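**Student:** Below: one structure in structure tokens.
Numbering (this note's numbering), first residue to last: 789 to 935.
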């Protein structure tokens with residue numbers, strides 16, 4: 789979740805990368821009126837994707853954890869054996885200053901922390917421009933990126 793609550797970041801897999809796919813199916817008939825109303829609300833949600841990034845599914849079967857920097861301008865995202873630093877644009881602007889009219893790719897502003905095995909988690913410090921990356925083999929690395 790963005791530090792100001794403006795957006796969330798999530799990682800979803802696609803069939804193109806031979807990765808796991810989670811599908812949510814809705815029942816064809818609803819006997820409970822509350823369930824029916826909930827299903828109706830879910831179907832009427834407007835698309836809200838504003839940024840995206842394509843990444844390989846290295847470390848298949850594991851959930852990769854991304855995080856926002858404390859100011860919300862940079863996202864640390866596990867990327868193979870590294871951590872990729874992404875931003876809403878190449879100037880690392882705040883989201884409110886660069887909302888696109890249609891979905892567009894996040895800008896890569898850095899690639900760091902080369903591990904021996906696939907990185908599964910990356911978390912920014914809440915107070916400093918520093919993050920930690922945890923790899924599948926149990927190793928961790930600390931990094932202070934220069935952006």
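Every residue gets a Cβ at the ideal spot worked out from N, C-alpha and C, and that includes glycine.
This structure is a prediction, so every number in the text was calculated from the model and none was measured.
Out of 798, 851 and 849, which has the shortest C-alpha to C-alpha gap to residue 836?
**Tutor:** Answer by Cα proximity: 798.
**Student:** Are the Cβ atoms of residue 924 and residue 896 separated by less than 8 Å?
**Tutor:** Their beta carbons are not under 8 Å apart, which means residue 924 does not touch residue 896 by this criterion.
**Student:** Answer yes or no: do residue 856 and residue 915 have a C-beta to C-beta separation smaller than 8 Å?
**Tutor:** No. Outside cutoff.
**Student:** Where residue 870 and residue 904 are concerned, what is the direct C-alpha to C-alpha distance, given to the nearest angstrom?
**Tutor:** Straight-line Cα distance between these residues: approximately 9 Å.
**Student:** For the segment 886-923, which segments carrying the beta strand (DSSP E) assignment without a break, of at least 3 residues, lie completely within its bounds, in sequence order?
**Tutor:** For the segment 886-923, whole beta strand (DSSP E) runs of length 3 or above, ordered along the chain, are 895-900, 907-912 and 919-923.
**Student:** Look at residue 913 and residue 858 and say whether their C-beta atoms are less than 8 Å apart.
**Tutor:** Yes; because the gap between Cβ atoms is below 8 Å, this pair is in contact.
**Student:** With a CB to CB cut of under 7 Å and the five nearest residues on each side skipped, what residues in its chain are close to residue 852?
**Tutor:** Only 799, 866 and 908 meet the Cβ criterion.
**Student:** Grab me the residues of residue 902's own chain with a C-beta within less than 8 Å of its C-beta, minus the 5 sequence neighbours each way, in chain order.
**Tutor:** Same-chain partners within the cutoff: 869 and 870.
**Student:** Anyone know if the C-beta pair for residue 884 and residue 877 falls short of 8 Å?
**Tutor:** No, the Cβ-Cβ distance between residue 884 and residue 877 is not below 8 Å.
**Student:** Note down the Cα distance separating residue 792 from residue 854, rounded to an integer number of angstroms.
**Tutor:** Cα-Cα distance, rounded: 16 Å.
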